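Participant: Shown below is the structure under consideration.
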Amino acid sequence: MKKLLPILNFDFGETPVLSTEDEKFFYLEAIKALAKSFDEIEISFVSDAFIFNAKEILSLMQSIGLKLCVGSIYEPEQVSELKRIFKEANFKQDEIKIFSPVYSEVIDEILLYDRTYNFKYIPAIFKKSEFRDELKIKTELKVFPFSIDSAKSLYLKLCKPYPELRKYLYINKILFASEELLEKYKIFDDIKIDDYGAKYIMTRSGEEVFIVESPYDYQIVRSRFLFNPKAKIFFSFKDKINQEDLLELAAERHIYLTGIKASQIDDEILTCPNITIATSIFQSVLKDMLAGQVNSNELQDVFAREIQTKKGCD
Numbered sequence: 002m003k004k005l006l007p008i009l010n011f012d013f014g015e016t017p018v019l020s021t022e023d024e025k026f027f028y029l030e031a032i033k034a035l036a037k038s039f040d041e042i043e044i045s046f047v048s049d050a051f052i053f054n055a056k057e058i059l060s061l062m063q064s065i066g067l068k069l070c071v072g073s074i075y076e077p078e079q080v081s082e083l084k085r086i087f088k089e090a091n092f093k094q095d096e097i098k099i100f101s102p103v104y105s106e107v108i109d110e111i112l113l114y115d116r117t118y119n120f121k122y123i124p125a126i127f128k129k130s131e132f133r134d135e136l137k138i139k140t141e142l143k144v145f146p147f148s149i150d151s152a153k154s155l156y157l158k159l160c161k162p163y164p165e166l167r168k169y170l171y172i173n174k175i176l177f178a179s180e181e182l183l184e185k186y187k188i189f190d191d192i193k194i195d196d197y198g199a200k201y202i203m204t205r206s207g208e209e210v211f212i213v214e215s216p217y218d219y220q221i222v223r224s225r226f227l228f229n230p231k232a233k234i235f236f237s238f239k240d241k242i243n244q245e246d247l248l249e250l251a252a253e254r255h256i257y258l259t260g261i262k263a264s265q266i267d268d269e270i271l272t273c274p275n276i277t278i279a280t281s282i283f284q285s286v287l288k289d290m291l292a293g294q295v296n297s298n299e300l301q302d303v304f305a306r307e308i309q310t311k312k313g314c315d
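The sequence shown maps to residues 2 to 315 in our numbering.
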């Protein structure tokens, strides 16, 4: 059976369809369903519905003995907010895994020296070149995203931890191009690198276009992209950690593999004792509920069927 870590990352949309009570109900029912088959789950910190209902969600998890991991932590301010939420909910756990789509030295230090909640920081890498010295000593790492074969697929995977990327306000600042266009217009012939290591090109109109080839690339330009109206990002794809690299990493540490297609989970990955598949769950159920195709009375049955599918059971 696959080693699975279910991820809850519910985006109920910018335009409210469900009431705040219905959103909370969806989270609580999902947690009750998962507790029947798992002893640990991950909840993404970028879900507003989780933040607004954290006290009730954390209380339920403690009462039923379901362990919490927190995902999508990439800013120090998120750590402060997380600690505030835990304190308000009086939440306690022997160890709390904190997953990040990128490595942050600042967050690593904050979590290392905070003993209140016994955090364990598990950052992600996307390319083998990102496997820096600070990460070589870690006993657990995340690989995110794994199933990437184009710039567009990289963008779609990054929309999960960085939901702003799919918001209408920023869509016109996100660029893609085919290999033919790249070659025709020589876009990469005049690349500059700033003091933070970000690659960019300057347009004739004075716009900075930052090149994003990994989650880390986006993280280091994120604030400029969000707050500078002249800053744009250009998604490109060149390389990632391949299966050989993955198994080499897993030989000496535990790896949480995310952003993976079912078709790319072969026997070598499945049988490796040091690899856990971390996967979003109940996304299709949420879409059906928002579309009015599933009502609240059916949720537990629908959740149970998806869990069986994810676990590969009959």
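All C-beta atoms in this analysis are idealised placements derived from N, C-alpha and C, irrespective of residue type, glycine included.
Source: prediction; values computed, not measured.
#1: For the alpha helix (DSSP H) that S154 lies in, which residues bound it at each end?
#2: Check whether the Cβ atoms of Y104 and L136 sit closer than 8 Å, and answer yes or no.
#3: What does the alpha-carbon distance come out to for the pair K174 and A232?
#4: Provide the residue(s) that pair with M203 in DSSP beta bridges, ordered along the chain.
#5: With a cut-off of 8 Å on the beta carbons, I'd call A50 and F11 a contact; round off their distance for me.
#6: Taking just the CA atoms, how far does G14 sit from E165?
#7: Keeping to the same chain, check which residues put their C-beta closer than 6 Å to that of A152; ignore five residues upstream and five downstream.
#8: Where does T259 land, buried or exposed, given buried means 16+ other C-beta within 10 angstroms?
#9: For the beta strand (DSSP E) holding E43, just list the boundary residues, first then last.
#10: Do you know how far the Cα of K139 is from the Cα of A36?
#11: According to DSSP, simplified to helix, strand and coil, what is M2?
#12: For I97, which residues of its own chain have a beta-carbon under 6 Å away from its beta-carbon, when the five flanking residues on both sides are left out?
#13: Between K68, S73, S101, E76, which has its C-alpha nearest K93's C-alpha?
#14: Could you check which residue in Q301, K288, L247 has the C-alpha nearest to that of I278?
#15: So if DSSP puts T280 in a beta bridge, which residue, or which two residues, is it bridged to?
#16: Are there 16 or more other CB atoms within 10 angstroms of the CB of D218, so buried, or fewer, so exposed?
#17: Could you pull out every residue in the same chain whose Cβ sits closer than 7 Å to the Cβ of F87, ignoring the five residues on either side in sequence?
#18: So who's on the other strand from I324, going by DSSP bridges?
#19: In angstroms with no decimal places, state the Cα-to-Cα distance between K33 and I192.
#20: Is E57 near I8, with beta carbons less than 8 Å apart?
#21: Going along the chain, which residues of its own chain have a beta-carbon closer than 8 Å to the beta-carbon of E1, five neighbours each way excluded?
#22: Alpha carbon to alpha carbon, how far is D268 from D150?
#23: Hey, could you find the ends of the beta strand (DSSP E) V18 is sitting in?
#24: Would you report the Cα separation of V210 and R167, rounded to the nearest angstrom?
#25: Look up A305 in the DSSP assignment and say whether it is helix, strand or coil.
Facilitator: Let me spell this out:
#1: Element bounds for S154: 152-159.
#2: Result yes, Cβ atoms of Y104 and L136 sit closer than 8 Å.
#3: 7 Å
#4: E209
#5: 6 Å
#6: 12 Å
#7: If we look at A152 and ignore the five residues flanking it on each side, its Cβ neighbours are F177, F236, S237, F238.
#8: buried
#9: 41-45
#10: 29 Å
#11: Note that M2 has pLDDT 42, beneath the 50 cutoff, so the model's placement of it is unreliable and the number below is only indicative. Note: M2 maps to coil in three-state DSSP.
#12: Y118, F120
#13: K68
#14: L247
#15: P7
#16: buried
#17: Y118
#18: Here the chain covers residues 2 to 315 and nothing more, so residue 324 does not appear.
#19: 51 Å
#20: no
#21: What is shown of the chain runs 2 to 315, which leaves residue 1 out entirely.
#22: 21 Å
#23: Where V18 is concerned, there is no enclosing beta strand (DSSP E), given that its DSSP letter is neither H nor E.
#24: Taking the CA atoms as reference points, V210 sits about 18 Å from R167.
#25: helix
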